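In terms of the numbering used here, the sequence shown is residues 2 to 215.
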Amino acid sequence: MKVKYIDKRHWRRLIDREYTEVKVNNNRFKGIIGLVTMKKVRDPLEVTVVGQNIIVADDNYKWLQILPEKKRYSITVMFDNKGNPLEYYFDINIKNITQKGNARTVDLCLDVLALPSGEYELVDEDDLMFALESEQITKKQFHEAYMIAHQIMAELENDFKGFQKKIMYCFNKINAKAQKNRQKPQNKTNFEKSKQIKPKQYNQTKNHQQQKKN
């Protein structure tokens, strides 16, 4: 079955990205939280969710990746360039591997999609059936996929606002770390380093740089 890395390292649509990751272990969440910031995409991605066409990937969009420990699902939340949530995407998985730096899932085909309005749908049932018929998964895994999906949909139905609060807790936690990383002092540039060279040496360096340009 397909292995998916939550940092989107193999996604060709992304030309330039930033990725931040944190491992959390407290009363509110246990697992890996990742944030993919799409600085530049090859082209926008438009999808249909509960009958609505939505662009979920574009320049400066963010994807929040939530990988709970000892659970059989993962969540991707798509945000636009203003920080508004667009879609909640639940992957049903054979297993989650919460290894920092290499966090990934083993996909079990079936997915649940939800909108910020609380509307949701079950998708990719054909893929799950094909996996069963081609003996990529067992009958037990087939039935487990539906069981997990129905548990997720029940939570969305019964307490969607509570679910959104959990999502925003994860988003605020990882977004704060991402901003902190951007504010870290960078290594000195060559120009800054050159200021520390004595005037005579600096002129020699400058002339050498001009020769290289020519």
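Just so you know, even glycine gets a beta-carbon here, dropped at the ideal spot from N, CA and C.
Keep in mind that this is a model prediction, so the values were computed, not measured.
- For residue 139, DSSP assigns no beta-bridge partner whatsoever.
- If you draw a straight line from the Cα of residue 31 to the Cα of residue 44, it comes to about 34 Å.
- It is roughly 12 Å from the alpha-carbon of residue 58 to the alpha-carbon of residue 18.
- In the structure shown, residue 104 adopts coil according to DSSP, grouped into three states.
- Under the three-state reduction of DSSP, residue 54 is assigned to strand.
- Under a 10 Å Cβ-count criterion, residue 139 is classified as exposed, with fewer than 16 other Cβ atoms of the shown protein chains found around its own Cβ.
- Nearest C-alpha to residue 159 among 144, 109 and 119: 119.
- Its chain contains 33 and 101 as the residues whose beta carbon lies nearer than 6 Å to that of residue 24, once the 5 sequence neighbours on both sides are disregarded; these appear in chain order.
- The alpha-carbon of residue 99 is positioned some 25 Å away from that of residue 183.
- Boundaries of the beta strand (DSSP E) around residue 39: 31–42.
- Counted as a single uninterrupted DSSP element, the beta strand (DSSP E) harbouring residue 98 occupies residues 86–98.
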